[in-house]
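S.K.: Handing you a structure now.
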Amino acid sequence: MKFFTPVVTLLFFIVLSGVENFTFAQQSNLYIPNEIRHAYQNDTRSENGLPGVNYWQNSSDYRMNVELIPDSSLIAGNAKIIYHNNSPDSLKEIVFRLYQDIYKKGNARQFPITTEDLTDGMDIRYLIIDGDSIRLKGKNKTVRRTPTNLVVKLENPLPPGGKLVAETGWNFPVPRKRRVRMGQYSDSDFFIAYWYPQVAVYDDIDGWDRHEYLGMVEFYNDFCNFDVSVTVPGDYLVWATGELQNADTLLQKKIFQRYRKAMKSDKVIRIVTHEDYRKNGVLRKHHRHTWHFKANHVPDFTFAASNHCSWDGTSLVVDEKTGRRVSTETVYPDTARHYHEAAEFAKITVDYLSKELPGVPYPYPHITVFCNGNRGGGMESPMMVNEGAPKERHRLIGLIFHEIAHSYFPFYMGTNERKYAWMDEGWATFLPREVLDRMAPKSDYWKRQVGAYFHFAGAEFEMPMMIPSFLLDYRPSLRTASYGRPAMAYSLLEDILGRETFKAALQEYVRRWHGKHPIPLDFFRTFEDVSQQNLGWFWKPWFYQLGYPDLGIRNVRQKKDQLIVTVKRVG
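In my numbering, the protein residues as written are 66 to 636.
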């Protein structure tokens, strides 16, 4: 038998790379919008993917008191906000986000809202800026309320390096039927998010972020400090972003001991059980309790509350050099399937993310998984995730991994989900592959993800990822550009670069940009810098252009003892 050595001519490589002169050290020739050119000129960003010498970002300090009133499904809060202008610009106005105005009668939205959940919008009871009371009702040229933003013209512009103090009070009804990422899930189960007047981002690319919250596209926040007190009825527990400051004054002694044990245990501890509730043995006896939390340098703050959910916890070392431990906790109704394993699922997730890929120690003190009892779906926030209860065990594993992966992308990295949803959702879709293969090999997680993408790839509505996410009003277009296509791209990029280089580039991207606001070019340039490759031939078709991945055989010919196969690009 005669053996032939196949030689594959990679014609598709030539087609993809076009006329670029490929050299390892050369940067790719990618389209650069004017806003980003200006950032390069101002040295806030560098063309090699590093933050510029003049990079800056603003921040806020929030001190908030909020009361959850379950009987009337009402949130009532007040806040003192100190806003720091670290930009080189004098700010003539300040923009507050009022996310709950998505439920306001007459406002545009991308999700249908039941009549029962329609409101008159977030009721801003008062607003004081630098000691001056702002008139919010009636005609006032200094105040403009758009669908989900409140824009206030400042009497005195806020200078570079200056700070502004805002004091405000508000209330709104918690949605009960059409819960857009948050709401009341039973008579006594609440997940509260997007609940306070939040200062919008002012950055070096766009200035103020004025995009309205219509429902499908998510968020973009600065890194801020939070000091939050949450008041609830005396039989409710609260879990939240940040670290609980007063557990010893709230929990009965035996529950507090279990809580402390779980924070250091390698095994899952049942902190609160249904039996504890039955015996009234969970909380100290008071008509109301105030739970106090603090969190520093995080992009948002959310909390959950319940008077009947079980609470499990365990922990793990995420950084062998320092011995730093992280707790993984779950809160769930007893009817939720598989949730008795969820704290362990969360622990396995955090361990993988910390030690394998991206291989960066989990950046926060805890992650708490709150089960809302819905059949599926989930939503991330810093240190908290709001999860459904899928029937299949493997789907719960994947759901928990996906939402916890968002701890890195976007929260640790500060990416703009409103413009570039693929910079976080793509990673959260790509990263669970290996854990699902180990824990549930029959689930075919990656095969299902590939199949879901190829179901839409090449369709008329499939848009390039570099089209800003907020422009994609058609849900399948947005989801394909945010989840499936970027996940496939990251997987192929790993194959092209090899695991070692891919991981090194990803870690360098995280090292350079965590706690900041990277944009796609920062990501692209960092990977080129680390790999010492011009990857324009890859970035352009996957991120900038219409098309789909499909290769074909142009021809096959024999040359002596070789078969020469010419591959062509079809997609």
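Built from N, CA and C at the ideal position, the CB exists for glycine as well.
Being a predicted model, the structure only gives us computed values, none of them experimental.
Would residue 256 and residue 140 qualify as a contact pair, given that the criterion is a beta-carbon distance under 7 Å?
M.R.: On the sequence shown, position 191 is the one that residue 256 refers to. On the sequence shown, position 75 is the one that residue 140 refers to. Cβ distance not < 7 Å, so residue 256 and residue 140 don't count as in contact.
S.K.: I'd like to know whether the C-beta atoms of residue 439 and residue 424 end up nearer to each other than 7 Å.
M.R.: Taking the sequence shown and counting its residues from 1, one reaches residue 439 at position 374. Taking the sequence shown and counting its residues from 1, one reaches residue 424 at position 359. No. Outside cutoff.
S.K.: Using DSSP with H/G/I as helix, E/B as strand and the rest coil, what is residue 477?
M.R.: Walking along the sequence shown from the start, residue 477 turns up at place 412. Here residue 477 sits in helix by DSSP.
S.K.: With a CB to CB cut of under 8 Å and the five nearest residues on each side skipped, what residues in its chain are close to residue 573?
M.R.: The residue given as residue 573 occupies position 508 in the sequence shown. 591, 594, 595.
S.K.: How would you call residue 371, buried or exposed, if buried means at least 16 neighbouring beta carbons within 10 angstroms?
M.R.: Residue mapping note: residue 371 aligns to position 306 of the sequence shown, counting from 1. Buried, by the Cβ-count rule.
S.K.: Which word fits residue 288, buried or exposed, when buried means at least 16 other C-beta atoms lie within 10 angstroms of its C-beta?
M.R.: Here residue 288 is taken as the residue at index 223 of the sequence shown, counted from 1. Buried.
S.K.: Which word fits residue 411, buried or exposed, when buried means at least 16 other C-beta atoms lie within 10 angstroms of its C-beta?
M.R.: The residue labelled residue 411 in the question sits at position 346 within the sequence shown. With 16 or more other Cβ atoms within 10 Å, it is buried.
S.K.: Are the stretch 98-116 and the stretch 188-201 touching by the rule of at least three beta carbon pairs closer than 8 Å?
M.R.: Contact between the stretch 98-116 and the stretch 188-201 is absent, because fewer than three Cβ pairs lie under 8 Å.
S.K.: Measure the Cβ-Cβ separation of residue 642 and residue 358 and say whether it is below 7 Å.
M.R.: As displayed, the chain neither begins before 66 nor continues past 636, which places residue 642 out of reach and without an answer.
S.K.: In this structure, how does DSSP classify residue 235 when only helix, strand and coil are distinguished?
M.R.: In the sequence shown, the residue the question calls residue 235 occupies position 170. DSSP places residue 235 in strand when its eight states are reduced to three.
S.K.: On the DSSP bridge list, what partners appear for residue 397?
M.R.: Working through the sequence shown from its first residue, we reach residue 397 at position 332. Answer by DSSP bridge pairing, in chain order: 375.
S.K.: Reducing DSSP to helix, strand and coil, say where residue 410 ends up.
M.R.: Position 345 of the sequence shown holds residue 410. Helix.
S.K.: Looking at the unbroken beta strand (DSSP E) that takes in residue 294, where does it start and where does it end?
M.R.: For the purposes of this step, residue 294 is taken as the residue at position 229 of the sequence shown. Looking at the DSSP string, the run of the beta strand (DSSP E) that includes residue 294 is 289-298.
S.K.: Give me, in chain order, the residues of the same chain whose beta-carbon lies closer than 6 Å to that of residue 132; leave out the 5 immediate sequence neighbours on both sides.
M.R.: By 1-based counting over the sequence shown, the position of residue 132 is 67. Excluding sequence neighbours, residue 132 sits near 141, 296.
S.K.: Ordered along the chain, which non-local residues of its own chain (more than five positions away) have a Cβ less than 8 Å from that of residue 326?
M.R.: Counted from its first residue, the sequence shown places residue 326 at position 261. Within the same chain, residue 326 has close Cβ partners 334.
S.K.: Can you check which of these residues, 262, 485, 254, is closest to residue 146 by C-alpha distance?
M.R.: Taking the sequence shown and counting its residues from 1, one reaches residue 146 at position 81. Closest option to residue 146, Cα to Cα, is 262.
S.K.: Can you find at least 3 beta carbon pairs, one from the stretch 414-430 and one from the stretch 382-401, that sit closer than 8 Å?
M.R.: As far as the Cβ criterion goes, the stretch 414-430 touches the stretch 382-401, which means the pair count is three or higher.
S.K.: Can you give me the start and stop residues for the beta strand (DSSP E) that residue 504 sits inside?
M.R.: Position 439 of the sequence shown, counted from the first residue, corresponds to residue 504. Segment 498-504 is the alpha helix (DSSP H) holding residue 504; no beta strand (DSSP E) there.
S.K.: Which of the three DSSP states is assigned to residue 181 in this structure?
M.R.: Residue numbering aside, residue 181 sits at position 116 when the sequence shown is read from its first letter. Three-state result, residue 181: helix.
S.K.: I'd like to know if the stretch 272-290 and the stretch 466-486 are in contact, where contact means that at least 3 CB-CB pairs between them fall below 8 Å.
M.R.: Yes, since at least three Cβ pairs between the stretch 272-290 and the stretch 466-486 fall closer than 8 Å, the two stretches touch.
S.K.: When you compare each of 258, 597, 281, 271 to residue 175 by their alpha carbons, which one comes out closest?
M.R.: For the purposes of this step, residue 175 is identified with residue 110 of the sequence shown, where counting begins at 1. Of the candidates 258, 597, 281, 271, the one whose C-alpha sits nearest the C-alpha of residue 175 is 281.
S.K.: Rounded to whole angstroms, how far is the Cβ of residue 104 from the Cβ of residue 336, which I believe are closer than 8 Å?
M.R.: Within the sequence shown, the letter at position 39 stands for residue 104. Within the sequence shown, the letter at position 271 stands for residue 336. Wrong, their Cβ atoms sit about 47 Å apart, outside the cutoff.
S.K.: Between residue 520 and residue 541, what straight-line distance do the alpha-carbon atoms span, to the nearest angstrom?
M.R.: Translated into the one-based positions of the sequence shown, residue 520 becomes position 455. Translated into the one-based positions of the sequence shown, residue 541 becomes position 476. Each residue's Cα considered, the two are about 11 Å apart.
S.K.: Could you check the C-alpha separation between residue 210 and residue 234 for me, to the nearest Å?
M.R.: Here residue 210 refers to the residue found at position 145 of the sequence shown. Here residue 234 refers to the residue found at position 169 of the sequence shown. The straight-line gap from Cα to Cα measures roughly 16 Å.
S.K.: Short of 8 Å in beta carbon distance, which residues of its chain neighbour residue 226, apart from the five on each side in sequence? Order them along the chain.
M.R.: If you number the sequence shown from 1, residue 226 lands on position 161. These residues qualify, in order along the chain: 150, 151.
S.K.: What does DSSP give as the partner residue(s) for residue 116 in the beta ladder?
M.R.: As a first step, residue 116 must be located in the sequence shown, where it is residue number 51. Residue 116 pairs with 110.
S.K.: Quick one: using the 10 Å Cβ neighbour count with 16 as the cut-off for buried, is residue 618 buried or exposed?
M.R.: For the purposes of this step, residue 618 is identified with residue 553 of the sequence shown, where counting begins at 1. Exposed, since its Cβ has fewer than 16 Cβ neighbours within 10 Å.
S.K.: Check whether the stretch 383-398 touches the stretch 340-358, taking contact to mean three or more Cβ pairs, one atom from each stretch, closer than 8 Å.
M.R.: No, because fewer than three Cβ pairs between the stretch 383-398 and the stretch 340-358 fall closer than 8 Å, the two stretches do not touch.
S.K.: For residue 523 and residue 613, what's the separation of their Cα atoms in angstroms?
M.R.: Stepping through the sequence shown from its first residue, residue 523 is reached at position 458. Stepping through the sequence shown from its first residue, residue 613 is reached at position 548. About 5 Å.
S.K.: According to DSSP, is residue 562 part of a helix, a strand, or is it coil?
M.R.: Here residue 562 is taken as the residue at index 497 of the sequence shown, counted from 1. Residue 562: helix per DSSP, three-state reduction.
S.K.: Can at least three beta-carbon pairs, one atom from the stretch 542-558 and one from the stretch 626-636, be found at a separation below 8 Å?
M.R.: The stretch 542-558, when compared against the stretch 626-636, does not touch it at the 8 Å Cβ threshold.
S.K.: For the beta strand (DSSP E) holding residue 619, just list the boundary residues, first then last.
M.R.: The residue you call residue 619 lines up with position 554 of the sequence shown. Run containing residue 619: 616-624, per the beta strand (DSSP E) assignment.
S.K.: What do you get for residue 88, buried or exposed, if any count of 16 or more other CB atoms within 10 angstroms of its CB means buried?
M.R.: Along the sequence shown, read from residue 1 onward, the residue named residue 88 stands at position 23. With a pLDDT of 40 at residue 88, under the threshold of 50, the modelled position of that residue is not reliable, and the figure given next carries that caveat. Under this definition residue 88 is an exposed residue.
S.K.: In angstroms with no decimal places, state the Cα-to-Cα distance between residue 184 and residue 588.
M.R.: Here residue 184 is taken as the residue at index 119 of the sequence shown, counted from 1. Here residue 588 is taken as the residue at index 523 of the sequence shown, counted from 1. Going from the Cα of residue 184 to the Cα of residue 588 covers about 41 Å.
S.K.: CB residue 291 to CB residue 369, shorter than 7 Å?
M.R.: Against the sequence shown, residue 291 aligns to sequence position 226. Against the sequence shown, residue 369 aligns to sequence position 304. No. Outside cutoff.
S.K.: Take the Cβ of residue 252 as the centre, count every other Cβ of all protein chains shown within 10 Å, and call the residue buried at 16 or more, exposed below.
M.R.: Here the question's residue 252 lines up with position 187 in the sequence shown. Residue 252 should be labelled exposed.
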